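Everything on this sheet refers to the single structure shown next.
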Amino acid sequence: MPRLAFLLIACAALVPGTTLERLTLEQMAEKATAIVRGRVVGSSTSTWNSIISTTYTVAVAETLKGPDTQTVQVSVPGGVAGGVRHSFPGTPDLASGDEYVFFLWTGKSGRTQIIGLSQGVFQLQADAKGSPSVLRSASTETMLDPATGAVITDTPIRMPYSELARRVRNALEGRAAR
Amino acid sequence: MTRIKRTLVGVIAALCLAVAAFAHFPYLHYITADGVLRPAPEKFDLSALVDRRLPYVVSDQGPVSWAPNDSFPALLSQIRRAADAWNQVPTSELRLAFGGLYSPETLQASPRIEVLFDELPPGLIAMAGPVVRAEPVTGPDGAFVPIQRSILVLPREVEWRPSYSEGFFLTVVHELGHALGLQHTLTSSVMSTAYTRATTSAKPLADDDVAGISLLYPTPGYSSTVGSITGRVTLSDRGVHLASVVALSVDGRSVSTLTLPDGTYRMEGVPPGNYYVYTHTLPPAMQAGFGPADVVLPVDMATGQPVGAPETFEMQFYPGSRDLASATAVTVQAGQRTEGVNFAVQPRGYLMLFGVATYSFPGSVAVKPAFINPFGGRRFLVASGFGLAWSNAPAPGLNVTVMGDPAAVSVAAVRPYEPARAFVQIDFNFGETPGTGARHLVMTSDYDRYVLPAGLRLVDRQPPAILSASAEQDEAGAPLVRISGSDLSAETQILFDGALGAVRSFNSETGEMTVAPPPGGSGHVANLVALGADGQSSLFLTSQPPTYVYPGADAPIVNVKPAALPSGASAMVEIEGVNTSFDPRHARVGFGSSDVVVRRTWFVAPNRILANVQVSPAAPLGQMPFSLMAGLQFAAQPYAFSITAAEPERPSISPDAFNPVTNHRSLYPGGPVRLMVGNLPEDIGISDILVFLNGQPATVVVYEPGRVTTQIPADASQGAAIVEVEARGRRSFPVVLNIDPPPAAILEVLDSSGVLVSAENRARPGDTLRIRIAGVDPGAAELAPQRFRLVVGGLVHEASQTARMEGEPLRFELLFPLSSVLPEGDSLAATLYFDGRPSPPFMLPVVPPPPPPSEPEVPEEPTGPGEPAP
């Protein structure tokens, strides 16, 4: 399959000029050092490398990837310190008391951040039947209507939490989710 | 919120995650005036910058991991090259200046861009934008929000994206654009997101980028060189906010803008020409917290809330057409506004075709944007995008056309790309003369329409390739690199990492060139990249460029004297180097703080630089590093320089000295110079003031408060001259003045008949003046006419001819055709400029314009019989 290899090689070395890395759910699962479901219970701000950051304390209810832990500290750019506010469009707005699924990445510094900022955050809500579902605020994938094959709009959709967890497990086990 | 509102509020925006893009559009605030939301962009206040130069300082806490053959000096050279890309926009008045490396402990007060490195999570490549702003002010171009500080964050681990890669360089150019106040565009320019960007390392900026930066920081007269298009986008008679309006020319240009809340738009910075104009909906946001197309929504300053929520509508070409074939081009003229380009659009539910990227295969590696050589390369490109392919096939009804002459370039077929059917392959037919340059692609499917500006770039040769590079020396023993390759030309540039080599020779038969490398550190491994004039680069063919290893040498050491200056000081510093060979083409010094600005440098010896620096009066006291970057050679001294407490009683000389006769900054031997001196006692007199030029006393000719006029000795050498002022025993810091060659000496002014122009023989409008001069370029066989200008009554005249006077080898005659319409007056002030340096002005007697003809007398109506005479 020389031509396939041709393009695959091309993709690996592709695209002079790319500043963006769009990640699928499966890619986020692979790159994450931890994937947790938890509730925000507190926050504080500090200055890190000239940037004001907010550190959220998350009480972990379930760990999908990574070491089991009761809490995790998640750093997000933005916040108020010393009368100065840094705000970053695209960073998640995490409300205390709300529950989320986080795709986290801990770097060598030990600081834990969210993968792709908002890409790695799913808000957990109860659906009409009271079952937990995640709200996916953005999609990086073209989605087709299974019935018609037509492209459907790239609007936020809900996904049962169980479905997200299944896709994460499949990704971690090296199987395609779809 | 009150206290926070009063303090500086910062927003970092434009995280480089977004797929979709945005017109050339600044970060915008809406100020309510007279009940109307009026836009106020965020931008740096040029009047607050010394010499309109914005310092960018780079953190000394650099990346921690590198790709093979990559290094911090290499990365710095790429950052500097990216800054130079914006500096080379001639219609932008702002200039980025390397401010050196800074330490986290360094306190800085003056406006700046800080480049720092941080641990970025996967999915985030870089981020940049304004951080700290001041309250809105009104400038000559209207209200704006002054940016005080921008930051640019790059990853600390760059092994997966080496600094010599196109991706890294264009990322930095893009992020610097954000730091300067530009948001994303949708025109495939560098300010487009990487997905649709169609610029390259060889040509990083497109027309929309030039328009964007020029509109934020225009040079005087910029608006007279470009035109504008205005109109309104409505839907059911309501104005549509944030509708994208794009102007496309057939020769590949594109400029854009977004509409205001009432649907009106004013697309400025459009180069003269004919354009097809269309409007389209911004694609949906890909990230929570962003507006559509991941734009940072404008903010209503009255409420602090974003203003957004545009509607989705059908794309439309002007006037009112869904098809390009039915569209009508509008003409844009310099300094003119093309009005009434309105759109009454129709709603639609959602977009089904957007965010398309195109790739081509000049070699075995796919590159973006798509470059196609009809005469020797693959004649197809591959495209991907939302809604482009359905179920591994092109979207139903997908059709692609190339804007322009179909006989030159047309689409032969649209089909699945077999190795990966999620991509679409577009095959092309080319005529005998397809031309070169960017071409816009118009895509339609059964469900939507989409235009990709510059989706295709035609070239007439393959990308340049470097096959070998060998070290040599010239006759003087200076290093050279002999480069052999393919598709090289005399216009090919050779990069050593981010620094340009100087091409010494090119052999068109063998394709070989010899290049003098820029300065580099001992053992530095520089990655060699060839840049073609057509925008292609050798990186299109390989991601592993050849290298050049600098010979071993002792490490450079630099020292700066004095090692401390008080805040508010204007002074000369002396930089001495050991194991250095300073090259003015490459060397830049920085003090690691935006509060110490280098205004001008003189390279007086290979190991000695003189520089005028300005210390901000608001500079915090403390120590800072000093650094010098010369090509790929880098030297730094931590804590080498200090800012001390202000000395308000010490005389201070501004380097902005000028010739009071010509009112120009060009100073010359024997001419006068007026020094602007601060901190002088109010009761001081001329006898209390001493002036020293190069250590020798100079006569003070005139003293007025704050102004000291002296004479430059007639035997003064050209170049740097050090001046000091002493008043009542207090001596100023030295400042460097530049002594230019003397201006042209005007011997006589004749009319075209060779008769001396005088009160009795006045110059006539439309006649040709013959000006005889001496004192310029002795020994030159000819002087190019372009070096001369004659300004008469404010009107600029170009020389049509220059010639050495027969029998007088040191004298020249210049011919200046006078304008046929001169200002009123029988004697007009005239100044001759040679290489921009004015000669003393003189009065030119001219024939005054004739008086306007008087109104003809209207004969009276004859009266009839019986009527009394009036």
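The listed protein sequences correspond, in order, to chains A and B. Heads up, the first sequence is in numbering that gives the first Met the number 0, so the first residue is 0 and it goes up one at a time. Heads up, the second sequence is in numbering that gives the first Met the number 0, so the first residue is 0 and it goes up one at a time. Every residue, glycine too, gets a C-beta built ideally from N, C-alpha and C. What you are looking at is a predicted structure, and each value in this text was computed from that prediction instead of being measured.
How far does the beta strand (DSSP E) with residue i in it reach, from first residue to last?
i, result
"residue 830(B)", "826-833"
"residue 138(B)", "136-138"
"residue 876(B)", "Not covered by the structure: residue 876(B). The range shown for chain B is 0 to 869."
"residue 442(B)", "436-443"
"residue 426(B)", "423-429"
"residue 146(B)", "141-154"
"residue 52(A)", "50-64"
"residue 489(B)", "Where residue 489(B) is concerned, there is no enclosing beta strand (DSSP E), given that its DSSP letter is neither H nor E."
"residue 812(B)", "807-816"
"residue 387(B)", "Segment: none, residue 387(B) is in no beta strand (DSSP E) and carries neither H nor E."
"residue 27(A)", "First-last for residue 27(A): 24-30, but that is the alpha helix (DSSP H), not the beta strand (DSSP E)."
"residue 253(B)", "253-257"
"residue 221(B)", "Here residue 221(B) belongs to no beta strand (DSSP E), and DSSP marks it neither H nor E."
"residue 76(A)", "70-76"
"residue 592(B)", "Unbroken run through residue 592(B): none, as it is neither H nor E."
Quick check: what's the CA-CA separation for residue i versus residue j?
i, j, result
"residue 13(A)", "residue 99(B)", "Caution is warranted here: a pLDDT of 20 is assigned to residue 13(A), below 50, making its placement in the model unreliable, and no coordinate value can be reported."
"residue 64(B)", "residue 633(B)", "19 Å"
"residue 803(B)", "residue 601(B)", "33 Å"
"residue 184(B)", "residue 368(B)", "16 Å"
"residue 589(B)", "residue 518(B)", "17 Å"
"residue 96(B)", "residue 474(B)", "35 Å"
"residue 494(B)", "residue 487(B)", "13 Å"
"residue 374(B)", "residue 67(B)", "36 Å"
"residue 605(B)", "residue 711(B)", "27 Å"
"residue 420(B)", "residue 44(A)", "48 Å"
"residue 85(A)", "residue 578(B)", "44 Å"
"residue 215(B)", "residue 145(B)", "11 Å"
"residue 161(A)", "residue 102(B)", "49 Å"
"residue 497(B)", "residue 538(B)", "14 Å"
"residue 127(B)", "residue 172(B)", "11 Å"
"residue 0(B)", "residue 338(B)", "Because the pLDDT at residue 0(B) is just 30, under 50, the model does not fix this residue reliably, and the value given afterwards should be weighed accordingly. In a straight line, the C-alpha of residue 0(B) is about 42 Å away from that of residue 338(B)."
Can you say whether residue i is buried or exposed, counting buried as having 16 or more other CB atoms within 10 angstroms of its CB?
i, result
"residue 611(B)", "buried"
"residue 159(B)", "exposed"
"residue 944(B)", "Examination of residue 944(B) is not possible in this model, given that chain B is present from 0 through 869 alone."
"residue 102(A)", "buried"
"residue 688(B)", "buried"
"residue 526(B)", "buried"
"residue 556(B)", "exposed"
"residue 658(B)", "buried"
"residue 716(B)", "exposed"
"residue 704(B)", "exposed"
Write down the C-beta distance between residue i and residue j rounded to the nearest angstrom, noting that I regard them as a contact closer than 8 Å.
i, j, result
"residue 693(B)", "residue 720(B)", "6 Å"
"residue 248(B)", "residue 272(B)", "5 Å"
"residue 264(B)", "residue 129(B)", "At roughly 23 Å, the Cβ-Cβ gap does not stay under 8 Å, so residue 264(B) and residue 129(B) are not in contact."
"residue 762(B)", "residue 845(B)", "5 Å"
"residue 569(B)", "residue 651(B)", "5 Å"
"residue 110(B)", "residue 48(B)", "6 Å"
"residue 594(B)", "residue 563(B)", "Rounded, the Cβ-Cβ distance is 13 Å, inconsistent with contact."
Please state whether DSSP places residue i in a helix, a strand or coil.
i, result
"residue 580(B)", "coil"
"residue 7(A)", "Residue placement at residue 7(A) is flagged as unreliable, the pLDDT there being 27, under the threshold of 50; a coordinate-derived value is accordingly withheld."
"residue 749(B)", "strand"
"residue 404(B)", "coil"
"residue 324(B)", "helix"
"residue 49(B)", "helix"
"residue 539(B)", "helix"
"residue 132(A)", "strand"
"residue 613(B)", "strand"
"residue 114(A)", "coil"
Going by DSSP, what residue range makes up the alpha helix (DSSP H) through residue i?
i, result
"residue 78(B)", "71-86"
"residue 173(B)", "165-179"
"residue 160(A)", "160-171"
"residue 212(B)", "206-215"
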